[in-house]
Amino acid sequence: MCSLSSIPEPPVLGGSIIVKNRTASEKTSTRESSEEKELDDSCCVGNGDNNAIYKGQYKNHMRHGEGELLWTNGDKYKGSFRDNMMDGKGTLVFGDDRGGEYVGEWCFNQMHGQGTRSYRNGDVFVGSYQKGSREGEGRFYFANGDLYWGEFRKNLMHGAGRYYFAGGQSFAGTFVNGKRMGKGKIQRNDGSIEIYQYVNNSRVGQGVRWSKDRTKAWRLWKKAGVSPKSTGSTGKSTEERKMSVTEAATLVQEIEQASKEILATYDVLHTPNL
39 MCSLSSIPEP PVLGGSIIVK NRTASEKTST RESSEEKELD DSCCVGNGDN
89 NAIYKGQYKN HMRHGEGELL WTNGDKYKGS FRDNMMDGKG TLVFGDDRGG
139 EYVGEWCFNQ MHGQGTRSYR NGDVFVGSYQ KGSREGEGRF YFANGDLYWG
189 EFRKNLMHGA GRYYFAGGQS FAGTFVNGKR MGKGKIQRND GSIEIYQYVN
239 NSRVGQGVRW SKDRTKAWRL WKKAGVSPKS TGSTGKSTEE RKMSVTEAAT
289 LVQEIEQASK EILATYDVLH TPNL
């Protein structure tokens, strides 16, 4: 049994459902115990806007137990019901342009709990849902081979996370409403790392690049009038100058302090330890 602070309005997936009342003979043939109403395998045809069909168990004239619900737009739910609503574990296959399916936990007709959502374009999300939205920890596998592993809020990357690029590089840092914010670390394929300060996905100020063995360091900054690539590339958009390891450590501390000040103005789950 799920639990929400307030019962939301049930979403309409493909038309409202009105369960056909059983006849007197049907009620007699499925006698109900005075102590507990029995679940009965029956088919009820809805006369909602899209003539949706329900086939499964019911209790007290409501969908309750295991069943299937089919809408004329192709949406199909198979799983657990409680008091006429999708509640428990079940699978919803999207038949319209949205495509894909959701397999997981439900509460009051909403995706709520742990689940897996596959999309028509090949993207896949595995993780936590709250009231229909990606919320909490999860993994989002992009069709192009990228992977985000971290925290979500209202369907967006929000909080601490790591973004792995299909090419092998990765970014670790804090996200706010889907954008990089605060201190971020880029892991290069050659083993070197770069640390920057981000505001709304853009690098600001100076950064540090460390060699693979962490014995050498370089100061990094953007070229005037040139925007860096989203991956933080040290290509044509970035200039660099060698610096001592001590200087690099001091600059990283300054970046960390600036990051704390920036993130203090946002509601993030926590600041990652990079």
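This note's numbering puts the first residue of the sequence shown at 39, with every later residue one more than the last. The beta carbon of each residue, even a glycine, is placed where N, CA and C say it ideally should be.
Relative to residue 156, the option among 93, 108, 165 whose CA is nearest is 165.
Distance from the CA atom of residue 214 to the CA atom of residue 221, rounded to whole angstroms, is 12 angstroms. Nearest C-alpha to residue 208 among 195, 198, 223: 223. Positions of the beta strand (DSSP E) runs, each at least 3 residues long and wholly inside the region 126-211, are given as 139-145, 148-156, 162-168, 171-179, 185-191, 194-202 in order along the chain. Straight-line spacing of the CA atoms in residue 244 and residue 174 works out to 32 angstroms. The alpha-carbon of residue 94 is positioned some 6 angstroms away from that of residue 106. With respect to the 8 angstroms criterion, residue 128 and residue 117 are classified as neighbours on the basis of their beta carbons. Comparing alpha carbon positions, the residue from 172, 303, 112 closest to residue 151 is 172. Counting the other Cβ atoms within 10 Å of the Cβ of residue 298 gives fewer than 16, which makes it exposed. Annotated as proximal: residue 136 and residue 158, with beta-carbon spacing under 8 angstroms.
The beta carbon of residue 162 is closer than 8 angstroms to those of 154, 155, 156, 178, 179 in its chain, skipping five residues each way along the sequence. Taking 8 angstroms as the upper bound for CB-CB distance, residue 212 and residue 301 are in contact here, some 6 angstroms apart. For residue 297, the secondary structure class from DSSP, reduced to helix, strand or coil, is helix. The shortest C-alpha to C-alpha distance from residue 229 to any of 191, 246, 251, 160 is the one to 251.
The beta-carbon separation of residue 186 and residue 201, rounded to 5 angstroms, stays under the 8 angstroms limit for a contact. Rounded to the nearest whole angstrom, the C-alpha separation of residue 131 and residue 284 is 57 angstroms. Taking residue 280 as reference, the option from 256, 286, 195 with the minimal CA-CA separation is 256. Setting aside the 5 residues that flank it on each side, residue 282 is surrounded in the same chain by 255, each with a C-beta closer than 8 angstroms to its C-beta; the list follows chain order. The criterion of a C-beta distance shorter than 8 angstroms is satisfied by residue 133 and residue 113. The three-state secondary structure of residue 303, taken from DSSP, is coil. Contact between residue 286 and residue 259 is absent: CB atoms are separated by about 14 angstroms, not below the 8 angstroms threshold. Taking each of 91, 125, 89, 90 in turn and checking the Cα distance to residue 104, the smallest one comes out for 125.
Annotation for residue 276: the continuous beta strand (DSSP E) segment containing it runs 276-281. Rounded to whole angstroms, the gap between the alpha carbons of residue 290 and residue 193 is 31 angstroms.
Note on geometry: alpha-carbon atoms of residue 160 and residue 238 lie some 27 angstroms from one another. Around the CB of residue 276, 16 or more other CB atoms lie within 10 Å, so the residue is classed as buried.
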